[in-house]
Amino acid sequence: MAQDIITIFHGPQHPGITGNMSVELDLLGETIKRAETHVGYLHRGFEKMIERRTVLQAFTIVCRICVPEPDPNEENFARGVEELMGLEVPEKAKWLRTMVLEMARLQAQMLWFAGQGGSLGHYISPQWAVADRDLILDLFEELTGGRVYHMYITPGGVRRDLPEGFLGRLGHFLDYLESRLPEYDNMLLRNPVFLERARGVGIIDPATAREYGVVGPNLRACGFMNDIRKDEPYEMYGEVDFIVPTETSGDVYGRAMVRRAEIEQSISILRQIIRRMPAEKEIMAVLPKNHRKWEVPKGDTLVKTESARGEYSYYMVGDGTDKLRRVQVKGPSAVHAITLLEEMLVDSQLSDVAMIMNSLGTNPPEIER
Amino acid sequence: MTETIDNLLERIGRNFQITGQEVKKAGLAALHCSQEQLHGVLIYLKEVEKFDTLTMIGCADWIEDDYFELSYMAYSFTTFFTVMVKIRVSRDGSSVPTVEGIWRQARTFEREIHEMFGVDFPGNTRLKEFFLENWQGMPPMKRDFDTVQFVKDHYKLREEGREGACNVSVERKKRIDAKKLELKKEGE
Amino acid sequence: MKIDIKGIWGALSSLKYLFQPPGTLRYPDVKKEAADGYRGFHDNDLSKCIGCGMCEDICMNLAIDMVKPKSEAYLNAKNGSGLIPRLDYGRCCWCSLCTDVCPVNSLKLTKNYVYVSEDMNRFIYTPGEEKLGKREKETVK
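Encoded structure:
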């Protein structure tokens, strides 16, 4: 009996990824012959909203562009405005920003871990990872006043200083997380079921990876040691020691191993920051009191940050008034989740779609902001 | 001789007609060229200067001077330089041949600019609707798109409970005038 | 087929958590108190508020209106305009820019974050004059 091609709609709710997007699949049996993505469920019009707000008012909504990891957005916006306006940020603010960025990276990797297990049907991983991530959110609540949307890194510096005893509590949490990592390994990453399903699936070709615009852990799993924190250092990343882990397989298992090694590197960076945090009080550059007098001169710039999923870029244009002319946001998923995913899904199995999407770091809010 | 971004700009300027160039910060430079030169410059950057990837295509609306400025940003993983190649197109009915053949990810970037600004990219294989569904109005990211009018036409604004809002400076002036009048009366 | 004994044994080792107390919070029997500095609902000290309107100016969501109070008796004598802020919680994003910009530190954010009401008109709130309980909004002045 000849088999026909049927078309199904996979999405927009997924067990693995943090957001809503759907993939239209042409299936022959269980093998995918063609894939086309549909995005647009989360279009909120941020770039248009930023055009009619002053710089100080705009920084409060920038964090909502990316839901799982808001801090690289705040960091990019703040650095872009500082470059356009020529502001000098005090050193303690840079250390605090680096600390917040690494804590955000840790909780984003925990959320990735939850999705990676959940997309396979391994439901212990989401329960454990989300529970441990909650402890990081408790620390954020003390420091910034909010658990998910922090609104902490502002153009000119940061908003609040460290609370009493914060660094001690952060150190205790890092000890606890380090003791839990072998249990995560036993439970998922060395589990024979995961190894059987993840090896050899979702391979990125290293010859064309850089040309396609693949960034972040996906690129590092193909063997390229590229990380914006090392290539173009920003904040205090030039002062701390860390390595950039790589793998060579380029499949789902390789990407999982790269992210697992990055969790350890983040813990090591945070411990160095705890030791070296300066004791000064100044956390904000000198700016006019009236926010309508913060004028951004004419010019444009491109700023980049390394988030947990890859390179996040902001293109910012100022025009001499107190409002920015244009802020254009490009998250890593704009390439991973559309061009790369559609090609990778051809000739793979239907049951692997959610796992591949999660291992690429698909995050729909940053595609369509 | 170490490779600097000025050497790079000089080499590009020797081979193409560049109408303006600027080094913005360490590792970031911009150059302006005409729409006809765009493909030549991008292919030269990719094949000869070994720029690996296209980071993004930026678009800014300069409504006062009546043009869009498109910036094609190419990035090299060996020197970590970013070069912005900028062209100016008209705000209505402009069309720029696609660069999808040079870098595949441009298909997505151009699709978004087509939907949001209305620039046509002949040769792009996927110029369908992207974020907006059944959109009938003008491209929404243009600066003359009135967002408040759009909300009033399509939604019902809730105003219940927001009555009684006063203006601070008007009330302050009223109280100052009332006090002056009171003092004047006391004086008499 | 090679059987990965070590991998299977490692995965089964997580069964030890069946015999340990749960790591979750038994809500609503046990409640979690928010940290100091949490951005919850607003509170305004009317004896300090000078009615300058800077909170209204900086709010980009147009959530704050300056309105006349129910009685002038409890206002600050230095209140130049005679107005106090009123918030629309359908628009507020709790960014706390209004509290940062307040020149006399009268507008503050408390640690409460739970308020439930079936009437959508009860989310317009005048801090200082009204109080938000768990399910009701009551006038205190």
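Chains as they are written, first to last, in my numbering: chain A, 1 to 369; chain B, 370 to 557; chain C, 558 to 698. Cβ atoms here follow ideal geometry from the backbone N, Cα and C, with glycine treated the same way. The structure displayed is predicted, hence computed values, not measured ones.
request  = For the beta strand (DSSP E) holding C428 (chain B), just list the boundary residues, first then last.
outcome  = T422 to W431
request  = For the beta strand (DSSP E) holding M344 (chain A), just list the boundary residues, first then last.
outcome  = It is not in any beta strand (DSSP E) - M344 (chain A) instead sits in the alpha helix (DSSP H) that spans L341 to M344.
ask   = If E484 (chain B) sits next to L501 (chain B), beta carbons under 8 Å apart, how far is it from one beta carbon to the other, in whole angstroms?
value = 6 Å
message = In this structure, how does DSSP classify E370 (chain A) when only helix, strand and coil are distinguished?
response = Residue 370 (chain A) is absent from the model: chain A starts at 1 and stops at 369.
task = Can you give me, in chain order, the residues of the stretch 517–535 of chain B that have a beta carbon less than 8 Å from any beta carbon in chain C?
result = R527, E529, G530, R531, G533, A534 and C535
query = Based on the DSSP output, what are the partners of A221 (chain A) in its beta bridges?
reply = None; A221 (chain A) has no bridge partner.
inquiry  = List, in chain order, every chain A residue whose beta-carbon is nearer than 8 Å to that of E502 (chain B).
reply    = G40
query = Are any of the Cβ atoms in chain A nearer than 9 Å to that of G594 (chain C)?
reply = yes
query = What are the partner residues of K48 (chain A), as DSSP defines its beta bridges?
reply = Beta-bridge pairing links K48 (chain A) to no other residue.
ask   = Between the Cα of M623 (chain C) and the Cα atoms of C:Y682, C:I565 and C:E693, which residue gives the shortest distance?
value = C:Y682
query = So what's F385 (chain B) in DSSP terms, helix, strand or just coil?
reply = coil
key: Cβ-based burial, E262 (chain A) [other Cβ within 10 Å; buried from 16]   = buried
message = Distance cutoff 9 Å, beta carbons only. Does P163 (chain A) sit that close to anything in chain C?
response = yes
Cβ-based contacts, 8 Å cut-off: residues of the stretch 218–243 of chain A near chain B = F224, N226, D231 and E232
query = So, is the C-beta of H291 (chain A) closer than 9 Å to a C-beta in chain B?
reply = no
message = For chain B, check one thing: does any of its Cβ atoms lie closer than 9 Å to the Cβ of C649 (chain C)?
response = no
request  = Could you tell me which residues DSSP puts in a beta bridge with Q505 (chain B)?
outcome  = Beta-bridge pairing links Q505 (chain B) to no other residue.
ask   = Taking the continuous alpha helix (DSSP H) assigned at M355 (chain A), which residues delimit it?
value = V353 to S359
ask   = Who pairs with E687 (chain C) in a beta bridge, going by DSSP?
value = C:P684 and C:T696
request  = Compute the Euclidean distance between the alpha carbons of F194 (chain A) and L139 (chain A), then round it to the nearest angstrom.
outcome  = 32 Å
ask   = S663 (chain C) CB to nearest chain A CB: under 9 Å?
value = no
query = Of all Cβ atoms in chain E, is any one closer than 9 Å to the Cβ of Q107 (chain A)?
reply = Annotation note: the requested chain E is absent from the structure, which comprises protein chains A, B and C.
request  = Quick one: residues in its chain with C-beta nearer than 7 Å to the C-beta of M370 (chain B), no 5 flanking neighbours on either side, listed in chain order?
outcome  = Since pLDDT at M370 (chain B) reaches only 44, below the 50 mark, its modelled position is unreliable, and the value read off the structure follows with that caveat. So the list is empty, once near-sequence residues are dropped.
inquiry  = Just to make sure I have the definition right: I need the residues of chain C whose C-beta is within less than 9 Å of the C-beta of E348 (chain B). Which are they?
reply    = It is not possible to answer for residue 348 (chain B), since the shown part of chain B is limited to 370 through 557.
query = Listing by chain order, which chain B residues have their CB less than 9 Å from the CB of G637 (chain C)?
reply = V537, E540, R541, R544 and I545
message = With DSSP as the reference, identify every bridge partner of F437 (chain B), one or two as the case may be.
response = B:D430 and B:V458
message = Give me the DSSP bridge partner(s) of P642 (chain C).
response = C:M623
inquiry  = Can you pull the chain C neighbours of E142 (chain A), defined as C-beta to C-beta under 8 Å?
reply    = A592, D593 and G594
inquiry  = Among the candidates B:N536, B:V410 and B:T424, whose CA atom is the shortest distance from the CA of E379 (chain B)?
reply    = B:V410
Helix, strand or coil at H483 (chain B) [DSSP, three-state] = helix
query = Quick one: is the Cβ of S604 (chain C) within less than 8 Å of any heavy atom of the ligand HEM?
reply = This structure lacks the ligand HEM; in fact it carries no ligand of any kind.
ask   = Counting contacts by CB-CB distance shorter than 9 Å, is E262 (chain A) in contact with chain C?
value = no
request  = Taking a Cβ distance cut-off of 7 Å, strictly less, list which residues of the stretch 318–337 of chain A are near chain B, in chain order.
outcome  = R325, R326, Q328, K330, A334 and V335
ask   = DSSP three-state call for H122 (chain A): helix, strand or coil?
value = coil
query = Do three or more CB pairs link the stretch 537–545 of chain B to the stretch 507–514 of chain B at distances below 8 Å?
reply = no
ask   = CA-CA distance, I545 (chain B) and L640 (chain C)?
value = 14 Å
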